[in-house]
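Worksheet: one structure, shown below.
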Amino acid sequence: CFSNIQVRHEIGDKIRSLNRKLAEIEKDKIFATVKNAQPADKGSTSELRKTSHIVEPNLVGKEILKVSRNLVCHVLAHKEKKAYKLAIVGTGGIGKTTLAQKLFNDQKLKGSFNKHAWICVSQDYSPSSVLRQLLRTMEVQHRQEESVGELQSKLELAIKDKSYFLVLDDVWQHDVWTNLLRTPLYAATSGIILITTRQDIVAREIGVEKQHRVDQMSPADGWELLWKSISIQDEKEVQNLRDIGIKIIQKCGGLPLAIKVIARVLASKDKTENEWKRILDKNVWSMAKLPKEIRGALYLSYDDLPQHLKQCFLYCIVFPEDWTIHRDYLIRMWVAEGFVEVHKDQLLEDTAEEYYYELISRNLLQPVNTSFDKSQCKMHDLLRQLACYISREECYIGDPTSMVDNNMCKL
């Protein structure tokens, strides 16, 4: 929580000022410069991506490796089908995208199809954005002003007599397949459509032939993820902390996202049973006001931040859901808004860059590319929901989810 009413008031003033600036920028069409710094397609509140952040092999657990191998075999057995659809279903933060990417990156599958594409759809997708992203992936030229029908025709020509493996990540509505992609993709010789969704009904309405439900991590896998995320090297230390660690895993509900963010909180503390018990006994684990989809572990990870990082974290919800955020642009905005502390003999931009990597380190922002400097990131939708919730509760400036103008979520 913020330390006092004055701090909340100051942050609220800064955020309201930012909202006014964003409105002016959009009105004057200067937002085009932001679009050049950010991913280019603003047809949706969710910028589409070809892939998600890299899965760390040593952190996925034995169960997901076994499941991914089985699903790879299943896909290969059905690769000659016209449009074979399978779904990965589970609650937010459970690891659906991680499992999907294990399949997407599998070398056997990469060599079995002519075309590969990964699209993050999200709740508020734009049909034209989905189609343009697919066409860009296939290196098909198209004009920005082309209609949905024209884009569908180009997709049909591009895929004709070819095979494809398509991932539709974070699907909330069936019509992205039934009304938008089904007809043009039927021009292909064969294809696999892998869908990730939180809702069984979406999978049924799409008509998937196979559905895999991702369950909570087992205590053993959850504990392995926790201690590896903290980089505990000493085997004796691992054993000494195991019992209290399992209790923390249970508080996380077996969700990998919650485990990874709480791991970074624990990594900053003494690795002792008493210190971990102190974390376990915090009241924020069972906050009654938290929306049911937001785990106490996520709130605790925010609560553990120093004040300057809290402001920077909350600021990130000005970007739409699933937006790819560029580091240099973000740190300039933090500096402009006065969120960065002054340090002698250090540029504000350098300090802001340290803030950026600290949020990356804490798993509150997730890198989305393979470059060594992690210069692009995104905010997981559950963490974005948390930030929206906090901005409403702490700053008393309204519900950010209902204050949307021109695809920009405002604090």
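Each residue of the sequence shown is one higher than the one before, counting from 1 in the UniProt record's numbering. Here a beta-carbon is modelled for each residue, glycine too, at the ideal position from N, C-alpha and C.
Item to check | Residue interval of the beta strand (DSSP E) (run including residue 260) | outcome: Careful: residue 260 lies outside any beta strand (DSSP E), inside the alpha helix (DSSP H) at 256-267.
Checklist entry - Which ranges would you report for the beta strand (DSSP E) in the UniProt domain "NB-ARC" (75-229) if only whole runs of at least 3 residues count? => result Taking only runs of at least 3 residues, the beta strand (DSSP E) segments lying wholly in the UniProt domain "NB-ARC" (75-229) are 84-89, 115-120, 163-169, 190-197, 210-213.
Next on the checklist: For residue 157 and residue 383, what's the separation of their Cα atoms in angstroms?
Outcome noted: 39 angstroms
Next on the checklist: According to DSSP, residue 366 sits in a beta bridge with which residue or residues?
Outcome noted: 378
Item to check | Residues near residue 218 in its chain [Cβ-Cβ closer than 7 angstroms; skip 5 each side] | outcome: 63
Next on the checklist: Does the segment 154-174 come into contact with the segment 103-119, if we say contact requires no fewer than three beta-carbon pairs (one atom in each stretch) closer than 8 angstroms?
Outcome noted: yes
Item to check | Separation of residue 327 from residue 338, as counted between CA atoms | outcome: If I take the Cα positions, the gap works out to 17 angstroms.
Item to check | Candidates 277, 98, 184: closest to residue 82 by CA position | outcome: 184
Item to check | For residue 232, the three-state DSSP class (helix, strand or coil) | outcome: coil
Checklist entry - So what does DSSP say about residue 294, is it helix, strand or coil? => result coil
Item to check | Close-in-space but distant-in-sequence residues of the same chain around residue 104 (CB under 8 angstroms, 5 per side omitted) | outcome: 51, 116, 118, 165, 167, 194
Next on the checklist: So, for residue 78: in the same chain, excluding its five sequence neighbours on each side, which residues have a beta-carbon less than 6 angstroms away from its beta-carbon?
Outcome noted: Counting only Cβ-Cβ distances below 6 angstroms, and skipping sequence neighbours, we find 84.
Item to check | Short Cβ contact (8 angstroms threshold) for residue 198 with residue 92 | outcome: yes
Next on the checklist: Count Cβ pairs between the segment 343-351 and the segment 294-303 that sit closer than 8 angstroms; are there 3 or more?
Outcome noted: No, the segment 343-351 is not in contact with the segment 294-303.
Checklist entry - Taking contact to mean at least 3 C-beta pairs separated by less than 8 angstroms, is the segment 120-131 in contact with the segment 251-260? => result Taking a cut-off of 8 angstroms on C-beta distances, the segment 120-131 does not touch the segment 251-260, as fewer than three cross pairs fall below it.
Checklist entry - When you compare each of 272, 205, 221 to residue 65 by their alpha carbons, which one comes out closest? => result Put simply, of 272, 205, 221 the residue whose alpha carbon is nearest the alpha carbon of residue 65 is 221.
Item to check | Beta-carbon contacts of residue 186 that lie in its chain and below 6 angstroms, excluding the five residues immediately before and after | outcome: The answer is none, since no qualifying residue turns up.
Item to check | Cβ shell of residue 155 (< 7 angstroms), same chain only, five flanking positions each side left out | outcome: 131, 134, 135, 184
Checklist entry - Of the choices 319, 307, 365, 317, whose alpha-carbon is the least far from that of residue 341? => result Ranked by Cα distance from residue 341, the first of 319, 307, 365, 317 is 307.
Checklist entry - Is it buried or exposed for residue 98, if we count other Cβ within 10 angstroms and need 16 for buried? => result It is buried - the Cβ of residue 98 has at least 16 other Cβ atoms within 10 Å.
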